[in-house]
Structures are given as C-alpha cells and as structure tokens.
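What follows is one structure encoded as structure tokens, with my remarks underneath.
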Amino acid sequence: MTSAQNPLTPEPISLGRWTSNLETPARALAIGAHPDDVDFGCGATLAKWATAGCEVSVLVCTDGSKGTWDPTTDETQLIATRKVEQQAAAERLGATGNVVFLGYTDGELESGLVQRARVSEWIRRLRPTVVLGHDPWKRYRLHPDHRHAGLLTTEGVVAARDPKFFPDQLAPSTGLAHHRPDTILLWEADEPDHVEDVTGYAETKFAALLAHQSQFESTMKATSDAQMEAFRERMVAKLVAGGRAASFEHAEVFKLLDDL
Ligand SMILES: [Zn+2]
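Heads up, the sequence shown stops at 293 in the numbering used here, and the numbers go up one at a time, no gaps.
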C-alpha cells in the first residue's frame, strides 16, 4: 500500500491555494454556539490580533445549559457560571470589545429568521472587519448547534451587509447602518485554505480554555493535573499540525471567504 492509499498517512497540503496571515483587522467578531467554542476555534488568532490592537468581540448563541454530564446540575446556576467563564476567557485573550450572549437553549439552536436578525443586528452594531465562526458545511458534523451557529454566521453577514435586509434595524433612531465585513474565517473547516501563524499564543489560548472550569470533565476530559496536561498537549499538537504545511511553529487553520 502506498502512502497515497494509506488513510493513516496524511497527504501533504498543497500550499498553492492557501493564504496566510490576514492584516490585523480593526475589529473582529467571533461567533460560537456555546461558551468555549470561540476559544477552541480561534482563541490564539484572537489573542494575536488583540495584542496588535484589534478590538475583539465574542458572540455566544446558546446558554450552555447542557454543558455537563451531571444530571443533577442546577441549570440556572450553570448558565450563570458559563457566562462568567466566557467573559474571563475573553479577557485572557485580551478582548476589549463586547461579549454577547444570545441565550438560546443549548442543544435547541435554530438558524431561522429571528435568530439571523439578532446576529445581523450585532454585526451592524459592532461593525467587524473579520467575522469568525463554525463551518456550517463541515461533513458529518453531529452537533446541530455548531451547524446552526455556522449558518447564522454566514447568513448573518449576508443580512447585515445590505440595507434591504431587516430594515427596521436601520431606522434613524437605532443609530445603526448596514455593514459589510471584509472577510469570514470558518474554523473546523471542511476545506481549510487559510492559516494564521499563532506562534507565541499557544499558552494564551490554553489560559482562555482554562477559564471554562465547568467544562473540564465533559469537554477537556480532564479532572486531574495529569489529564489537564494531556489536554494541553493535545491542544498544542493541533496547533503544531496546523502550522506544518506553512512552516509555522503553531497555527490555526480556517476556510476563508472574502467575496462578501
Ligand atoms: Zn460547542
């Protein structure tokens, strides 16, 4: 069996169609389904941009109320905890913008017109140069919230950019104007084609993830120091793998859309 036939041997990525390292955006908005998704998906990139002066905002679509394996957990308390954790994580990334919670029930997110309008309104309010989110077209993705959050990201941009969409948001009393971001970056991408060098930001990303203490058991699979170190090593290994094709020590990879 040649390496080309062996599914365990990754094929080298052709750099021909890849791009790397956007110019630091003035404002970035990262949209995640749950508290912690943004930090997993693009935490190091946001930290790099924040250090360079980008105003970073985070929008979380759901309330995170299913984020536990303990059926006796008080949901109201968990929702409050996860908000505090997400705000702490954003601070650790250096985010100076808004941390927004849409508050839809975890596991029941939909990408209908009502939800799209709310995302559009936040894009018009925050006016990001770059919007980051889940790839809604990732094959075999199981979690519906991630798919719907990805659709809300891309469809929210489509709505925000044109004045005929949700025109009530643009009434003079609102002070809002339609807004067209320059670029969308989708993490966990089905067909990644863009790499951000995040060398030097792995520990900042890890620190942000550590803010999500309620998720240590269910998401990080880490209830001991040794397991947390193993989680850190898995996180760093992913950054190393992301950077290999472009010869960056650590990188996060995305699908880039810039024909907006
Ligand atoms: Zn999630």
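For each residue, glycine too, the CB sits at the ideal point set by N, CA and C. What you are looking at is a predicted structure, and each value in this text was computed from that prediction instead of being measured.
Please indicate yes or no: does the CB of Ala77 lie closer than 7 angstroms to some heavy atom of ligand 1? Distance from the C-beta of Ala77 to the nearest heavy atom of ligand 1 is not below 7 angstroms.
Neighbourhood of Pro43 by C-beta, 6 angstroms cutoff - its chain only, sequence neighbours within 5 removed: Because the pLDDT of Pro43 is 49, which lies under 50, any placement of that residue in the model is unreliable, and the question is left without a value.
CB of His227 to nearest heavy atom of ligand 1: below 7 angstroms? No, since every heavy atom of ligand 1 falls outside the 7 angstroms radius drawn around the Cβ of His227.
Label Pro104 either buried or exposed according to how many other C-beta atoms from any shown protein chain fall within 10 Å of its C-beta, with 16 as the threshold for buried. So Pro104 counts as exposed.
First through last residue of the beta strand (DSSP E) which encompasses Val93: Here the beta strand (DSSP E) through Val93 covers Glu88 to Thr95.
Does DSSP classify Thr216 as helix, strand or coil? Reduced to three states, the DSSP call for Thr216 is strand.
Do Asp178 and ligand 1 come close, with the Cβ less than 7 angstroms from some heavy atom? In this structure, ligand 1 has a non-hydrogen atom nearer than 7 angstroms to the beta-carbon of Asp178.
Regarding Ala80 and ligand 1, is the C-beta to nearest heavy atom distance less than 7 angstroms? No - ligand 1 has no heavy atom lying nearer than 7 angstroms to the Cβ of Ala80.
Are the beta-carbon atoms of Ala63 and Asp178 separated by less than 8 angstroms? Not a contact, by the Cβ cut-off of 8 angstroms.
Within the continuous beta strand (DSSP E) that includes Leu242, where are the two ends? Counting along the chain, Leu242 falls outside any beta strand (DSSP E), though it belongs to the alpha helix (DSSP H) covering Ala235 to Leu243.
What is the rounded straight-line gap between the Cα of Ser98 and the Cα of Glu108? Between the alpha carbons of Ser98 and Glu108 lies a gap of roughly 6 angstroms.
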